[in-house]
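Residue numbers (the UniProt record's numbering): 1 to 649. Beneath this line is the structure, given in structure tokens, with notes to follow.
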């Protein structure tokens with residue numbers, strides 16, 4: 001049996017908090033080992049192609065245990081040591097249900113073919129084998145899909161150019177999404193060519209077979225979030241220069257659902273005065289209130305009498321019309337009508353307003369290719385500075401010294417004992433014995449593939465956020481994020497719709513009523529007035545995800561002081577919780593180190609002969625030599641949309 005030793009941290013699961021911690025540790029000169037029992041990066045923060053998501057659904061519906069590959073690992077435990085067993089089953093995902101609303105015969109025929117498209121993460125040594133196998137699999141898939149599509153009537157395919165939304169902040173430049181579409185088109189063949197007479201027949205009816213065949217164009221997030229343009233994650237991306245590994249697109253509009261209709265909410269000053277929904281009196285009311293919210297701390301006399309009231313009650317005292325109250329409460333502050341205090345509502349409104357205008361007319365950015373890109377960006381930074389990553393690598397237990405009561409090592413499924421000074425574990429790895437006193441919340445999630453937007457306009461390439469208020473008092477509002485094809489998360493002529501809310505029941509029970517309000521689930525049902533026709537759902541999946549964000553470390557039984565627990569995704573729209581958690585854990589381990597400092601400029605690096613010569617171990621612990629690898633890697637073809645200027649502090 002092999003035994004290897006690491007000088008500093010060890011971490012499991014490549015979720016966002018763990019990835020940020022790993023990057024910060026590696027950047028400060030620590031040696032990091034990052035292992036994950038999954039075969040993909042990101043954990044519950046991951047993004048999948050369509051076929052990859054089908055495999056994920058199947059895996060979670062079966063929910064099988066991880067088998068032990070080494071049964072005699074207990075021989076590695078000494079007399080003065082004890083073990084904390086880790087969980088062999090991921091219980092963070094429950095009640096997974098998927099539905100196809102297209103041709104059921106086609107769905108059954110292509111289900112198996114679609115699964116062949118999944119390419120899990122492989123090491124470099126497997127590259128040749130994967131390339132050979134993928135050629136055979138793709139041939140089989142194309143033949144199967146061609147046979148299925150030959151049974152379906154051919155209809156026209158229309159394509160729309162991807163829109164480009166550019167920010168005005170000097171820290172960020174936006175690449176043209178249309179150029180990415182062109183590049184993607186060169187490497188991925190288009191499935192259908194439109195006949196010349198197709199334009200008169202209307203848009204093509206998307207089938208399940210087409211979705212599977214275009215499955216690699218989908219990047220479907222398990223967790224749905226947006227980035228506040230002045231939020232903690234954007235600041236960290238810019239400070240650490242991790243932003244060079246990712247691209248972002250502006251969320252283009254904020255929507256509201258009121259009186260059974262979806263309408264756009266005016267946010268900026270220009271939007272307010274150009275709005276046709278508001279009267280001149282309402283425009284003045286709204287601008288006056290939003291101006292107050294920007295510096296509400298300077299006017300405590302305006303709200304101190306309502307500090308014990310809800311924000312909704314406070315709004316009723318501000319001479320605002322019911323329509324304006326609805327916009328502010330659900331689409332600007334985005335807070336609960338019953339649980340949010342006046343101060344919390346004012347803080348949320350101010351945060352929204354402060355983020356306006358930095359990169360566009362809304363406060364939000366979305367990473368191209370999905371939210372799963374963000375953990376991978378921090379993993380890349382960690383790897384550039386010497387971090388080691390192992391996928392498909394499960395862990396049996398933590399090894400604890402009885403005298404010092406500190407964790408000394410882990411034992412993996414190969415029977416290897418790996419020593420380290422610090423251990424970062426994702427909550428899902430802890431067994432039930434460790435979590436007996438933990439009370440978890442749940443998140444209800446749904447992902448839909450639809451054929452049109454919830455609010456059609458002349459500009460079809462829209463990234464929209466919509467909050468649907470609850471019908472019953474005490475129920476949570478549902479946050480909806482709708483993504484277009486220019487976000488590189490879905491195929492052309494489709495939209496990817498994410499629904500999220502805190503759970504009260506199963507995900508389907510929580511979210512299906514909202515889906516029925518906004519979308520058409522019946523393929524054969526057609527509305528006489530096409531303008532009022534709801535978007536048709538082509539495919540949907542519902543699932544519940546554990547929310548462990550509010551659990552404190554003292555709630556876990558028997559964890560040593562050098563073992564730190566990271567939570568999974570929370571139900572909030574932003575990523576502040578993950579960033580705060582990562583920074584807190586890092587400073588507990590290394591109080592004197594800076595959290596994710598900027599890398600030095602390549603021209604400032606001074607090389608010694610000893611540093612240039614490769615070490616026998618194949619690793620270099622000198623932080624001065626690492627950024628050169630980062631520079632070389634970033635110049636090898638990665639295009640970025642978030643960049644920090646050289647002259648910016």
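C-beta atoms are modelled at their ideal positions from N, C-alpha and C, and glycine is treated no differently. Remember, predicted model here, so these are calculated numbers, not experimental data.
Exercise. If we call anything under 8 angstroms between Cβ atoms a contact, is residue 255 one with residue 466?
Worked result: yes
For this session: Below 8 angstroms on the Cβ atoms is my guess for residue 15 versus residue 367; work out the distance and round it to an integer in Å.
Result: About 15 angstroms; that fails the 8 angstroms criterion.
Exercise. Can you tell me the Cα-Cα spacing of residue 557 and residue 434, whole angstroms?
Worked result: 5 angstroms
For this session: List the DSSP bridge partners of residue 411.
Result: 397, 417
For this session: Taking residue 243 as the reference, give the member of 252, 233, 251 with the closest Cα.
Result: The shortest Cα separation from residue 243 among 252, 233, 251 belongs to 233.
Exercise. Unbroken beta strand (DSSP E) runs of length 3 or more, entirely within the UniProt domain "RAE1/2" (443-571): which are they?
Worked result: 464-468, 478-483, 495-502, 537-547, 563-566
Problem set entry | Meets three-Cβ-pair contact criterion under 8 angstroms: the region 215-226 and the region 493-501 | Yes, they touch.
Problem set entry | Inter-residue spacing [alpha-carbon to alpha-carbon] between residue 220 and residue 511 | The alpha-carbon atoms of residue 220 and residue 511 are separated by roughly 18 angstroms.
Exercise. With distances taken from CA atoms, which of 506, 257, 315 is nearest residue 518?
Worked result: 257
Exercise. Alpha carbon to alpha carbon, how far is residue 276 from residue 394?
Worked result: If you draw a straight line from the Cα of residue 276 to the Cα of residue 394, it is about 57 angstroms long.
Exercise. Do you know whose CA, among 291, 50, 545, 383, lies nearest residue 496's CA?
Worked result: 50
Problem set entry | Residue interval of the alpha helix (DSSP H) (run including residue 240) | 232-240
Problem set entry | Coarse secondary structure for residue 163, derived from DSSP in three states | Per-residue confidence for residue 163 stands at a pLDDT of 35, beneath the threshold of 50, marking its modelled position as unreliable; no derived number is given.
Problem set entry | Rounded straight-line distance, which links the Cα of residue 228 to that of residue 364 | Spanning the two alpha carbons is a distance of roughly 5 angstroms.
Exercise. Taking the C-alpha atoms as reference points, what is the distance between residue 430 and residue 565?
Worked result: 9 angstroms
Exercise. Across which residues does DSSP place residue 433 in a beta bridge pair?
Worked result: Residue 433 pairs with nothing; no bridge assigned.
Exercise. Residues in its own chain within less than 6 angstroms of residue 42 by CB, not counting five upstream and five downstream?
Worked result: 14, 372, 375
Problem set entry | Helix, strand or coil at residue 221 [DSSP, three-state] | strand
Exercise. Does the distance from the C-beta atom of residue 484 to that of residue 463 stay below 8 angstroms?
Worked result: yes
Exercise. DSSP beta-bridge partners for residue 367?
Worked result: 248
For this session: Under 8 angstroms by Cβ, that's how I've got residue 311 and residue 333 pegged, so tell me the actual separation to the nearest angstrom.
Result: 7 angstroms
For this session: Could you name each continuous alpha helix (DSSP H) segment of 4 residues or more that falls completely within the region 69-97, going from the start of the chain to the end?
Result: Listed in chain order, there is nothing to give.
For this session: Would you identify the three-state DSSP class for residue 653, choosing helix, strand or coil?
Result: Any property of residue 653 remains undetermined from this structure, which presents the chain solely from 1 to 649.
For this session: Since I believe residue 543 is in contact with residue 95 (beta carbons under 8 angstroms), could you give me their beta-carbon distance rounded to a whole number of angstroms?
Result: 6 angstroms
For this session: Leaving aside the five residues before and after residue 589 along the sequence, list all residues of the same chain whose C-beta is less than 6 angstroms from its C-beta, in chain order.
Result: 422
Exercise. Of all the options 331, 554, 387, which has the alpha carbon lying nearest to the alpha carbon of residue 481?
Worked result: 331
For this session: Out of 549, 76, 418, 98, state which residue places its alpha-carbon closest to the alpha-carbon of residue 60.
Result: 98
Exercise. Along the chain, where does the beta strand (DSSP E) that runs through residue 255 open and close?
Worked result: First-last of the beta strand (DSSP E) with residue 255: 253-258.
Exercise. Would you report the Cα separation of residue 452 and residue 208, rounded to the nearest angstrom?
Worked result: Cα atoms of residue 452 and residue 208: separation of roughly 16 angstroms, rounded to the nearest angstrom.
Problem set entry | Residues bridged to residue 310 [DSSP beta-bridge criterion] | DSSP lists 341 as partners of residue 310.
Exercise. Exposed or buried, what is residue 140 when buried is set at 16 or more other beta-carbons lying within 10 Å of its beta-carbon?
Worked result: At residue 140, the pLDDT of 43 sits below 50, so the modelled position is not reliable and the matter cannot be decided from this model.
Problem set entry | Enclosing beta strand (DSSP E) for residue 388 [first to last residue] | 388-390
Exercise. Which first and last residues belong to the alpha helix (DSSP H) in which residue 588 is found?
Worked result: 576-589
Exercise. What is the residue span of the alpha helix (DSSP H) that residue 58 lies within?
Worked result: Boundaries of the alpha helix (DSSP H) around residue 58: 50-62.
Exercise. Who does residue 47 pair with in a DSSP beta bridge?
Worked result: 221
For this session: Verify whether the separation of the beta carbon atoms of residue 83 and residue 399 is less than 8 angstroms.
Result: yes
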